[in-house]
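Quick notes on the structure that follows.
Protein chains: 2
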Amino acid sequence: MDDRPKATRNGRAAAKAKEVEAELIAVVVSVNDGEPAVLTIGQGDCLPSGPFALEHRSLQSGLRAWVEQQTGHPLGYIEQLYTFADRDRADGRQQRVISISYLALTRKEHATGASACAWRSWYDYFPWEDHRLGTPKLIADVLKPRLLAWAAAVEEAAIARERRRRAAIAFAFEDRPWNEELALQRYELLYEAGLVAEATRDERSIASDSTAGTTMVADHRRILATGLARLRSKIKYRPVVFELMPPVFTLLQLQRTVEALAGRLINKPNFRRLIEQQELVEETGETSLDTGGRPAKLYQFRHAVLDETAVAGTKLPLARG
Amino acid sequence: MDDRPKATRNGRAAAKAKEVEAELIAVVVSVNDGEPAVLTIGQGDCLPSGPFALEHRSLQSGLRAWVEQQTGHPLGYIEQLYTFADRDRADGRQQRVISISYLALTRKEHATGASACAWRSWYDYFPWEDHRLGTPKLIADVLKPRLLAWAAAVEEAAIARERRRRAAIAFAFEDRPWNEELALQRYELLYEAGLVAEATRDERSIASDSTAGTTMVADHRRILATGLARLRSKIKYRPVVFELMPPVFTLLQLQRTVEALAGRLINKPNFRRLIEQQELVEETGETSLDTGGRPAKLYQFRHAVLDETAVAGTKLPLARG
DNA sequence: CCCCTTATAGTCGAATGGATTATAAACGGG
DNA sequence: CCCGTTTATAATCCATTCGACTATAAGGGG
Chain A
0 MDDRPKATRN GRAAAKAKEV EAELIAVVVS VNDGEPAVLT IGQGDCLPSG PFALEHRSLQ
60 SGLRAWVEQQ TGHPLGYIEQ LYTFADRDRA DGRQQRVISI SYLALTRKEH ATGASACAWR
120 SWYDYFPWED HRLGTPKLIA DVLKPRLLAW AAAVEEAAIA RERRRRAAIA FAFEDRPWNE
180 ELALQRYELL YEAGLVAEAT RDERSIASDS TAGTTMVADH RRILATGLAR LRSKIKYRPV
240 VFELMPPVFT LLQLQRTVEA LAGRLINKPN FRRLIEQQEL VEETGETSLD TGGRPAKLYQ
300 FRHAVLDETA VAGTKLPLAR G
Chain B
0 MDDRPKATRN GRAAAKAKEV EAELIAVVVS VNDGEPAVLT IGQGDCLPSG PFALEHRSLQ
60 SGLRAWVEQQ TGHPLGYIEQ LYTFADRDRA DGRQQRVISI SYLALTRKEH ATGASACAWR
120 SWYDYFPWED HRLGTPKLIA DVLKPRLLAW AAAVEEAAIA RERRRRAAIA FAFEDRPWNE
180 ELALQRYELL YEAGLVAEAT RDERSIASDS TAGTTMVADH RRILATGLAR LRSKIKYRPV
240 VFELMPPVFT LLQLQRTVEA LAGRLINKPN FRRLIEQQEL VEETGETSLD TGGRPAKLYQ
300 FRHAVLDETA VAGTKLPLAR G
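First to last, the protein sequences are chains A and B. For the first sequence, the residue numbers in numbering that gives the first Met the number 0 are 0 to 320. For the second sequence, the residue numbers in numbering that gives the first Met the number 0 are 0 to 320.
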């Protein structure tokens, strides 16, 4: 008796074609001078990607190889995002494609040679996500009225109400608080409402007159939104920001980086207190003079904390620790 | 010019075989009378699984079909866990297998027909994870000495120290606090140290005399550990427990379910306060008499909270909300 | 009726977290 | 050289949260 799952032997689909093509796709992020950027190829409308092939030792190493080949950029920290399969392939082939997406954090610095790649700001693709200078006018002027119109366009009152509620939660209408982590829900809502060009393109329906943000190929923008949402969530409970920082930095530079990711401003004293009480950084003893005012102390990441995983914040009232 | 990623056209691997087999695999969880269970097939050594085939509309629907076919159990809530590919297939075929794993939460109640499946307790597979009745003796009696021996078995002092530190963090040695979310790290540590049978089996090395927990096929136990860790983490910030509860329940039943998942006890008054102030439940007006003591109020889940996603707990000191 | 069991409410103090104010140290212009 | 500007850094205040504990209520069984 072999030790493989029974399903692979007697399942009802065992006789049919089961082969699929597996594609690796990367959301490579860096932050430069307070501007979050993503690594693109083509006309800035495509994420680095390539098929998973026999010569790759693992999914991760396959991804690294493709990104390095297409952009000249070696990757450090990477983490799996999501695996998609329900993509509509326009060509008639009876061949499924599975996309395994990854989030990579890096620094721009590496020279990229002559590759046809470019760093583009996140907020080119999601202009409604940057709230650092206040709520973007785009939301009140364009998105809100069109989302409400989309809700009103349906017959049933219950569905219309549900649409309004979803829009209100995602985009902070009706005095709700803005939640930066809902980036993916916002993109999907705009897609449903036909407010991003991908939706009308996929549907082959009437082209929308005004659509928001720069378009990408296939579902790449959705994958980018997935990475954005994951990163905004993760910076809150894991010290991943430091993957985006130079070896030595000031606390304000660190704050600006987090603000760039979160798309909103942070209270300065409280941010410093948070960083210090978690003992995430240590002083180098040096100071930086090019701040314009009083010199700022330079810090470096305490790599030791990466292993002190034990400090995962509980949320349950556990008994007698 | 077509709109597909360039990589699929001119990559260096384009000429080689790129087809892979995609396998769907499910960790189906339920909790019955305070005992967490996982749905298995075979001799309790195999998770429900099957290949992703053309007739499946999506990964999720493919998974649902396989689980229902193999176990007769319809699935409700499911979420993607992780996609693996670096498995060693013993057979010599030059064919990669990608495993896409899912976590499903359900209730045992559904009649499962005559399928060859069984509910097994989590803690059969991970006996070191149940701390409800105190720290299992297994840890101090077996795992700790063998982990320390494994650390001592290496030449370099730095590596030995690193091994000791990893073991101490994962298993709460040296007065560290126990962290129930590290279930996956613990399994992987035991695998590295050769303390689970899968490790010695995969290595085809000397069989270990004493190994811990019930073995599973291939890497199924690792996938189960992944699901366990994910669920233990998720119950802290999303109301997923209710997927495991009957429509109506007492607060103590709810607490026992969370305790079963977390593998540790919870402070009763504080748990009640937490549930109530989050407004997760509402009274039905009924009471339950079969508690043994004073009748307990019956509650039901407020499904409205599922949409109030806005309450994602922040951890950054954001400015002026 | 007493006692045991479980349910439910309330209290107390430490710690956390958001907002604000105060002080220190550089620079540049008059 | 003083003075205003800019930025860094420290300290304070207060509301809320959270863990641990105590007290009271309401059923069943001997």
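No residue lacks a Cβ here, since even glycine has one placed at the ideal position from N, Cα and C.
Looking at A:Glu67, A:Arg185 and A:Ser100, the one whose alpha-carbon comes closest to that of A:Asp129 is A:Arg185.
DSSP places B:Val280 inside the beta strand (DSSP E), whose first and last residues are Val280 to Ser287. Taking 8 Å as the CB threshold, B:Tyr81 lines the interface with chain A. In summary, B:Asp174 is exposed, with fewer than 16 beta-carbon neighbours lying within 10 Å of its beta-carbon over all protein chains present. Relative to A:Ile40, the option among A:Val30, A:Arg145, A:Gly49 and A:Val153 whose CA is nearest is A:Gly49. In the structure shown, the three-state DSSP call for A:Pro126 is helix. Of all residues in the stretch 270 to 287 of chain B, only Phe270 and Leu273 place a beta-carbon less than 7 Å from a beta-carbon of chain A. For the pair A:Glu108 and A:Ala259, the CB atoms are not nearer than the 8 Å cut-off. Around the beta carbon of B:Ile158, a 10 Å sphere encloses fewer than 16 other beta carbons of the protein chains shown; the residue is thus reported as exposed. Scanning B:Ala117, B:Ala295, B:Glu67 and B:Arg95 for the CA closest to the CA of B:Gln42 turns up B:Ala117. One Cα belongs to B:Ala224, the other to B:Leu137, and the distance between them is close to 18 Å. For A:Glu67 and A:Leu74, the gap between their C-alpha atoms comes out near 8 Å.
Only Cys45, Leu46, Pro47, Ser48, Gly49, Pro50, Phe51, Ala52, Leu53, Glu54, His55, Arg56, Ser57, Leu58, Gln59, Ser60 and Gly61 from the stretch 45 to 63 of chain B bring a Cβ to less than 9 Å from some Cβ of chain A. Listed by position along chain B, the residues whose Cβ is nearer than 7 Å to that of A:Pro316 are Ile265, Asn266, Asn269, Phe270 and Leu273. Inclusion of A:Val27 and A:Thr105 in the CB contact set at 8 Å is warranted, their separation being smaller than that value. By the CB criterion at 8 Å, A:Glu187 and A:Ala228 fall outside the cutoff. Under a 10 Å Cβ-count criterion, A:Ala115 is classified as exposed, with fewer than 16 other Cβ atoms of the shown protein chains found around its own Cβ. Your pair A:Phe248 and A:Leu297 checks out as a contact, with CB atoms roughly 7 Å apart and the cut at 8 Å.
The continuous stretches of alpha helix (DSSP H) do not include A:Ser100, which lies in the beta strand (DSSP E) extending over residues Val96 to Leu104.
Cβ-Cβ separation between B:Ile234 and B:Ser100: approximately 19 Å, too far for a contact (criterion under 8 Å).
Taking a Cβ-Cβ threshold of 8 Å, the residues of chain A close to B:Glu18 are Glu18, Val19 and Glu20, in chain order. Shown here for B:Arg162: same chain residues with a beta carbon closer than 6 Å to its own, the five before and five after excluded, namely Ala150 in chain order.
Taking a beta-carbon distance threshold of 8 Å, B:Arg95 counts as an interface residue toward chain A. Proximity to B:Asn31 across B:Ala198, B:Trp65, B:Leu243 and B:Gly292 peaks at B:Leu243, based on C-alpha coordinates.
Buried is the label assigned to B:Asn178, since at least 16 other Cβ atoms lie within 10 Å of its Cβ. Residue-level contact check: B:Ala84 touches chain A, since one or more beta carbons of chain A fall below 8 Å from its beta carbon.
Assignment of alpha helix (DSSP H) within the stretch 170 to 221 of chain B, counting only whole runs of 4 or more residues, yields 182 to 191 and 196 to 202 in chain order. As a beta-bridge residue in DSSP terms, A:Pro50 pairs with A:Glu22. Chain order gives the chain A residues near B:Ile99 as Thr82, Ala84, Ile97 and Ile99, where near means a beta carbon separation below 9 Å.
Restricting attention to B:Arg56, B:Pro294, B:Gln277 and B:Glu278, the CA atom closest to the CA of B:Gly284 is found in B:Pro294.
Beyond the five residues adjoining it in sequence on each side, B:Arg119 comes within less than 7 Å, by CB distance, of Ala36, Val37, Thr39 and Gly43 in the same chain, given in chain order.
Burial check for B:Pro47: the Cβ neighbour count within 10 Å reaches 16 or more, so the residue is buried. Distances from the alpha-carbon of B:Ile168 to those of A:Ile24, A:Ala303, A:Ala21 and A:Glu18 put A:Ala303 closest.
With fewer than 16 neighbouring CB atoms inside 10 Å of its own CB, A:Thr286 falls in the exposed class. In the three-state reduction of the DSSP assignment, B:Gly33 falls in the coil class, being assigned neither a helical nor a strand state. When DSSP states are grouped into helix, strand and coil, B:Arg63 belongs to the helix group.
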